[in-house]
Amino acid sequence: MFGDMSGRQPLLQVKQDPRRPRRPAATAALRNQVLLVAAGLALLAASLVLLYRRAPRQAADDASSEEEQRDSERELQLLHEQPSSEFCAQPPPLVCAHGGDAAAAPPNTAAAFRAALDGGARCVEVDVARTKDGQLVVLHTRELTQLLKLAGGSASSAAAAHGAPPPQVGDFTWRQLQALRWPGGEGVETVEAVLHMVLPGTDHITLDVKTYGQAGEEVDEDAMAQAVVDLMRRTACRQCLVWAKSDAVVLQVKELDPQQAVGYVVLNETAAARAAGMHRLLRIGSAEVVALHYAMAADAAITAAARGARKQVHAWTANTAGMMRSILDAGGAHAVVTNHPRKLQAAIDSRTRRCRQQEQQEERQGKLHQQQSERQQQQQQADPG
Ligand SMILES: *[C@@H]1O[C@H](CO)[C@@H](O)[C@H](O)[C@H]1NC(C)=O
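Numbering (numbering that gives the first Met the number 0), first residue to last: 0 to 384.
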């Protein structure tokens, strides 16, 4: 899927193509089956809605659960309804579990990755940060802040009170991070340990390389790129894609290993991002993937332009039903990153079934029209004038 990457296995395996071969007209038995399936689907959708509404909330300050709370029943319903023709015209996107399954366990923990695999995710996204002493760990700044709070860390609350930047992974040694625990007992993992865990069960792994260093400073980008390339070699991760907000890291990884698939982050949301040129869609020619912010991935003209330039489009990070729907309706994304992989996969599956139903209906109507016009022709021939 990444074009000319000789010897690499396809990074995106599409399980089902909505444009499958045509079938003969439905018999009465088949129609009954379709009705049964439709009733089953309605039940499934209803229970999914219930399930998500009742799902236990993570820590109250978890942004993703706030987003999920904003999902109205109507939005969830729309997510499963009436797919756009753009959605039906392309193979459905791959669902990438961001930090594992955040609905099941704290993000980026072994339990979250296990839950994502158990839930059928074939793609995971792993947040990669570098400790003060050079260990690559799976940890987001947001989670570090939460872990420090749980440990009763006065440093993070003091920093927050003074409006100082939150502590970064690069402020800590690997040993210090190993002491931090979530309430369930889960701790911080190395990237290598997580890769060994998810490699056998996935088709695709995205490493999102973070470059925040010790409070305020940028991390040494060359050292980061080298550490990532070394890790890719050690783990022989053929289905790994490396992306970063730092173009320097992306370019350096590609230079160190031209065979490594890379992506760059495209984002227009803030003035700072636009001033840094991060909104420019086609700025790294050698990269295989555009990691597109969800607001831009909802614009069909943008995804089409990226695809036209032979880039794969990976949209991030769609957590609400509204975000998911706008990305799916725009079409053009090869993969969509989310904290809620089961919710997104369920929506994609029900939409894909609706595409098939629409197609079958159109087929039946087409046949009916054809029969009618044939009959008319026969009548005209039998009774000219
Ligand atoms: C970013 O791009 C999207 C898609 O074109 C657009 O709808 C949105 O308004 C843009 N956001 C900003 C802040 O420019």
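Don't be surprised by glycine CBs; every beta carbon is placed ideally from N, CA and C.
So, using beta-carbon positions, are residue 123 and residue 112 closer together than 9 Å?
Start at 1 with the first residue of the sequence shown, and residue 123 comes out as number 124. Start at 1 with the first residue of the sequence shown, and residue 112 comes out as number 113. Result yes, Cβ atoms of residue 123 and residue 112 sit closer than 9 Å.
Does the stretch 231-249 come close enough to the stretch 204-211 that 3 or more CB-CB pairs lie under 8 Å?
The stretch 204-211, when compared against the stretch 231-249, does touch it at the 8 Å Cβ threshold.
Report the three-state DSSP secondary structure of residue 226 (helix, strand or coil).
Counting from 1 along the sequence shown, the entry for residue 226 is found at position 227. Helix at residue 226.
Over the uninterrupted alpha helix (DSSP H) stretch that includes residue 270, give me the two end residues.
Here residue 270 is taken as the residue at index 271 of the sequence shown, counted from 1. 270-274 is the extent of the alpha helix (DSSP H) around residue 270.
List the residues that DSSP assigns as beta-bridge partners of residue 126.
Residue mapping note: residue 126 aligns to position 127 of the sequence shown, counting from 1. In the DSSP output, where bridge partners are listed per residue, residue 126 has 207.
Please classify residue 137: does DSSP put it in a helix, a strand, or coil?
In the sequence shown, counting from the first residue as 1, residue 137 sits at position 138. Looking at residue 137 - three-state DSSP - the assignment turns out to be strand.
Kindly indicate the opening and closing residues of the alpha helix (DSSP H) around residue 365.
Indexing the sequence shown from 1 puts residue 365 at position 366. Where residue 365 is concerned, the enclosing alpha helix (DSSP H) stretches over 340-381.
Look up residue 190 in the DSSP assignment and say whether it is helix, strand or coil.
Within the sequence shown, numbered from 1, the residue matching residue 190 stands at position 191. Residue state, collapsed to three classes: helix.
Suppose you measure from the CA of residue 307 to the CA of residue 320; what does that come to, to the nearest Å?
Working through the sequence shown from its first residue, we reach residue 307 at position 308. Working through the sequence shown from its first residue, we reach residue 320 at position 321. So the alpha carbons of these two residues sit roughly 28 Å apart.
Looking at the structure shown, is residue 93 part of a helix, part of a strand, or coil, going by DSSP?
Walking along the sequence shown from the start, residue 93 turns up at place 94. Residue 93 falls in the strand class under three-state DSSP.
With distances taken from each beta carbon to the nearest heavy atom of ligand 1, which residues come in below 6 Å, in chain order?
Checking every Cβ against the heavy atoms of ligand 1 under 6 Å gives 267, 268, 294, 295, 298, 301.
Run through DSSP, which three-state label would residue 243 get?
For the purposes of this step, residue 243 is identified with residue 244 of the sequence shown, where counting begins at 1. Looking at residue 243 - three-state DSSP - the assignment turns out to be strand.
Give the secondary structure of residue 41 by DSSP, where H, G and I count as helix, E and B as strand, and everything else as coil.
Within the sequence shown, residue 41 is the residue found at index 42, counting from 1. Correct three-state label for residue 41: helix.
Using 10 angstroms around the beta-carbon of residue 310, count the other beta-carbons present and answer buried if the total reaches 16, otherwise exposed.
Position 311 of the sequence shown, counted from the start, is the residue given in the question as residue 310. By the 10 Å Cβ count, residue 310 comes out buried.
Compare the beta carbon distance of residue 262 and residue 313 with 9 Å and say whether it is the shorter of the two.
The sequence position of residue 262 within the sequence shown is 263, counting from 1. The sequence position of residue 313 within the sequence shown is 314, counting from 1. Yes; because the gap between Cβ atoms is below 9 Å, this pair is in contact.
Could you pull out every residue in the same chain whose Cβ sits closer than 6 Å to the Cβ of residue 374, ignoring the five residues on either side in sequence?
Against the sequence shown, residue 374 aligns to sequence position 375. Contacts found: none.
What does residue 315 pair with, by DSSP beta-bridge criteria?
In the sequence shown, the residue the question calls residue 315 occupies position 316. DSSP output for residue 315 lists 292 as bridge partner(s).
What number of angstroms, rounded off, separates the C-alpha of residue 268 from the C-alpha of residue 276?
Position 269 of the sequence shown, counted from the first residue, corresponds to residue 268. Position 277 of the sequence shown, counted from the first residue, corresponds to residue 276. Roughly 12 Å between the two C-alpha positions.
Could you check what DSSP says for residue 337 in three-state terms: helix, strand or coil?
On the sequence shown, position 338 is the one that residue 337 refers to. In the structure shown, residue 337 sits in a strand (DSSP, three-state: E or B).
Would you check if the distance between the CB atom of residue 83 and the CB atom of residue 330 is smaller than 9 Å?
Counting from 1 along the sequence shown, the entry for residue 83 is found at position 84. Counting from 1 along the sequence shown, the entry for residue 330 is found at position 331. In this structure, residue 330 lies closer than 9 Å to residue 83 by Cβ.
How big is the Cα-Cα spacing for residue 18 and residue 131?
Here residue 18 refers to the residue found at position 19 when the sequence shown is read from its first residue. Here residue 131 refers to the residue found at position 132 when the sequence shown is read from its first residue. Residue confidence is low: residue 18 scores 42 on pLDDT, short of 50, so the model does not pin down where it sits. Its coordinate-derived value is still stated next. The alpha-carbon atoms of residue 18 and residue 131 are separated by roughly 51 Å.
Compare the beta carbon distance of residue 336 and residue 316 with 9 Å and say whether it is the shorter of the two.
Counting from one through the sequence shown, the residue named residue 336 turns up at place 337. Counting from one through the sequence shown, the residue named residue 316 turns up at place 317. In contact: residue 336 and residue 316 (Cβ atoms closer than 9 Å).
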